[in-house]
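Have a look at the structure below before the remarks.
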Amino acid sequence: MATQGPTTVRRLVHYYNLLVGLNPNFQYENSRQPFWDVFKTLENQLSTGPKTYISPFNNKTFVIPEIKLNNRTGFIEGRLFAVRDEDMPSIYNRSTAQIRELEATEHEGIVETTHFVIDYKKQDPIVGFEYNQYGAKITDLCRYIDHVCKPTKPCDGIGHGHVLKNELAEYIQRMGELSEFLIQVHTGNIQRLQALDEGLATTFSNIAETYGGEYATLKVKFDYRNGMPQPKGLINKLIGKLVEDPRNSTIFDTLDVKAEDIDKNNKLNGFDLLVDKVKSELFVQKRDRSRTIVSTDILQQMNDELFRLHL
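Residue numbers are given in my numbering: position 221 of the sequence shown equals residue 1593, and the series is strictly consecutive.
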């Protein structure tokens, strides 16, 4: 009788350029790879000093427990924890309909783990960052590294931008009549929408104020066969903004359009306007009882995938 393999779960990995501002007054150990000093500073702090916690955002505190630097591959791997110690969830038993409360001490909280792997050999380091809807975001990683490095100042601010495939502009020519669009934005990014479209930013502000939550979502359907007015100007404007500055793509978590596709005889087709983002789909092991991701497995797969892509 064949033994059953480990349980796996689908995870997405997105890829970003880390835009690290170098400090002209800092004496870098290796001028050809100055980012080594940035991440070495982070590693030293994590291994020798007390853990550094970033102040709460959306009731979450962020901490990196450790990172591993590999001189041979030029890769760095680690985990970023998002810890919630307020508004704790309960556990529901579907067979008994009983609810069991989680009990935590003063210093305990619910943790969401996000895994990352960084290639620091590039002019702008590339990070593969696991997508976890309830966990840390790439902006939290940038804030954390910048905060830890401030005392010795090996860097002067850290930003990020998506690694893109440059296929987005052709969508303007391919899309005919619109049938539907779906936009999801993290509430922390709504203010950034102002630079793209003030009306859209106002709409999302109203959604966030009315319904609360960590994300605001707008889904609209159109009777495109009967000439219902459509926001094609808005969609084309957003595409133009993404092509003009790829960093604008980081504002959105979802930006999907369903429209007639001229390249497919005007049949309805789905257009993911964030498709230019390079991303990988992995199937990683999870523990049966806790249902948490096995870190060693996902980090190994992320290392292999980043090496394979040659970004």
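We put the CB at the ideal spot given by N, CA and C, even for glycine. Note that the coordinates shown come from a computational prediction; the quantities given were computed from them, not determined experimentally.
Contact check, residue i vs residue j, beta carbons under 8 Å
i            : j            : result
residue 1492 : residue 1529 : no
residue 1439 : residue 1426 : no
residue 1669 : residue 1656 : yes
residue 1653 : residue 1472 : no
residue 1488 : residue 1450 : yes
residue 1604 : residue 1552 : no
residue 1387 : residue 1533 : no
residue 1618 : residue 1536 : yes
residue 1557 : residue 1665 : no
Assigned exposure category for residue i - 16 Cβ within 10 Å defines buried
i            : result
residue 1413 : buried
residue 1444 : exposed
residue 1583 : exposed
residue 1385 : buried
residue 1513 : buried
residue 1465 : exposed
residue 1629 : buried
residue 1649 : buried
residue 1486 : buried
residue 1463 : exposed
Neighbourhood of residue i by C-beta distance below 7 Å, restricted to the same chain and skipping five residues each side
i            : result
residue 1407 : 1392, 1492 and 1497
residue 1692 : Past the edges of the chain, shown from 1373 to 1683, lies residue 1692, and the structure says nothing about it.
residue 1680 : none
residue 1638 : 1548 and 1632
residue 1515 : 1426
Per-residue DSSP class, three states only, for residue i
i            : result
residue 1496 : coil
residue 1574 : helix
residue 1373 : The pLDDT assigned to residue 1373 is 46, lower than 50, so where the model puts this residue is not dependable; a value taken from the coordinates is nonetheless given after this. Three-state DSSP puts residue 1373 in coil, outside helix and strand.
residue 1541 : coil
residue 1383 : strand
residue 1668 : helix
residue 1506 : coil
residue 1679 : helix
residue 1525 : coil
Cut-off 6 Å between Cβ atoms - residues of its own chain near residue i, not counting five sequence neighbours on either side
i            : result
residue 1455 : 1433, 1481 and 1483
residue 1460 : 1474
residue 1591 : 1554
residue 1531 : 1391
residue 1457 : 1481
Residues near residue i by beta carbon distance below 8 Å, same chain, minus five either side
i            : result
residue 1423 : 1435 and 1437
residue 1580 : 1559, 1562 and 1588
Contiguous beta strand (DSSP E) assignments of at least 3 residues, all confined to the segment 1417 to 1493
1426 to 1429, 1432 to 1435, 1439 to 1442, 1447 to 1456, 1462 to 1465, 1470 to 1473 and 1482 to 1491
At what residue ranges does the segment 1594 to 1643 contain a whole run of the alpha helix (DSSP H), taking only runs of 4 or more?
Every alpha helix (DSSP H) stretch that sits fully inside the segment 1594 to 1643 and reaches 4 residues is listed by chain position as 1604 to 1616.
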